[in-house]
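In our numbering, the protein residues as written are 2 to 341.
We put the CB at the ideal spot given by N, CA and C, even for glycine.
All remarks here apply to the structure that follows.
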Amino acid sequence: MLNLDKSDVDFLVTEHMADEVTHVLKDVFPRMDAQIIPEMNRRGIKKLYFVACGSPLCACQTGVRLLEARSSLRSGAYSGMDFLSEPPFALGPDALVVGVSDSGKTQEVCESLAYARKKGAMTVAVTKTAENPLADAAEYLIDYRADCIWEVHLLIVYYFALRAMQEAGVEGLEPILEDMHRLPGILARLVNEVEEEMKALAERASKWKMIYTVSAGNLLPLGYKEGIITMLEFTWTHGCSLNASEFRHGPLEVVEEGVPYVFLLGNDAFRPITERSLRFVEQRTKDVVVFDVRRFEGGLHPALDPLILFVPLEFFYYYLSLYKDHNPDARRYYGGLAEY
């Protein structure tokens, strides 16, 4: 097992997570209410498009799922390359385009905002600081100045979605907004409680050469984030993200002893679908790790499940990398180390 000082590892973002979520709730949301939401109303915004890459894109996709499930507002989440290659046909003055990038230097996201501005859309940059190309490309800026980007990005994207739906007359959203304010205490508790258990699970999983990650519903983007982005980029473990709703169409046939799986279980309408896949898999292999939100916090609105499960998952993949004798911050190609 690789021995690292956790404080020196950029990947692990648990130390200040609860405080950063509090900052978003108490400082960022009021700024959005004061500066951005009124402008959305003034400009008659009827469409919400989010543009990002990697983990931020997964946060955007989670927010769009909420919009699609609860409203008739037109919305979409796009990888920067997809947005530039095939922009939304309905892009125009009644559209909001939100670009999300922690560094603010993701070229295709910056170019997407510049393109959207030329089409007359309202543009907002969601990024860590005010001093970067993405901030320069947008009309409006949310500089959150925090490190735990999954929690921060998803909360901000959710707030865009929830406030837009409220302004459109959608009812029944208050429980989500109210439960958001319970998050800091719950996240702080989980950071203190789950690390050792996740370390033990990671040691077991480190023997596996590849892992299938199965999820559904509003956990599907998180399943991709962890099962593809985190696992491949940060732990150098081969794997694939699978949709439990489609599990019997292909994945079913390769289930056997020795094939390993990670399952994400939430509290939304898709839980029975994922449980069905899990039962089938557990009858045929012992190499299964289950992250069930009910084990960590079962009393919040299901929309917040991706924010809760991130804590155990963060520790799990951190220690998975270490047990593979790999520094999760190490790269051999990404970030300009090789031409792409």
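Three or more Cβ pairs closer than 8 Å define a contact, and the segment 28–37 falls short of that threshold against the segment 60–68. Unbroken beta strand (DSSP E) stretches of 3 residues or longer found wholly inside the segment 90–118: 96–101, given in chain order. Closest option to Leu308, judged by alpha-carbon separation, among Arg66, Leu68, Val99, His154: His154. In this structure, Leu188 and Met18 form a Cβ contact; the two beta carbons are roughly 5 Å apart against a cut-off of 8 Å. The beta carbons of Leu223 and Leu301 sit about 15 Å from each other, so the pair does not count as a contact at 8 Å.
Closest by C-alpha distance to Glu257, out of Thr238, Asp269, Arg277, Arg285, is Arg285. A straight line joining the alpha-carbon of Val125 with that of Leu142 spans about 6 Å. For the options Val98, Phe30, Asn133, the alpha carbon positioned closest to that of Arg118 is the one of Val98. Per DSSP, the beta bridge partners of Val263 are Thr214, Val290. Taking all protein chains shown into account, Phe84 has 16 or more neighbouring C-beta atoms within 10 Å of its C-beta and is therefore buried. For Thr23, no beta strand (DSSP E) segment is defined; the enclosing uninterrupted segment is the alpha helix (DSSP H) at 18–24. By the neighbour-count criterion, in which a residue is buried when 16 or more other Cβ atoms sit within 10 angstroms of its Cβ, Asn244 is buried. Between the alpha carbons of Val215 and Val101 lies a gap of roughly 26 Å. DSSP places Met82 in the helix class (H, G or I) of the three-state scheme. Residue burial annotation: Ala139 is buried, with at least 16 other C-beta atoms found within 10 angstroms of its C-beta.
The residues Phe84, Leu85, Pro88, in chain order, have a CB closer than 8 Å to that of Tyr116 in the same chain once the five nearest residues on each side in sequence are set aside. By the CB criterion at 8 Å, Tyr145 and Phe30 fall outside the cutoff.
Secondary structure in the segment 120–198: the beta strand (DSSP E) runs of 3 residues or longer, each lying completely within the stretch, are 123–128, 141–144 in chain order.
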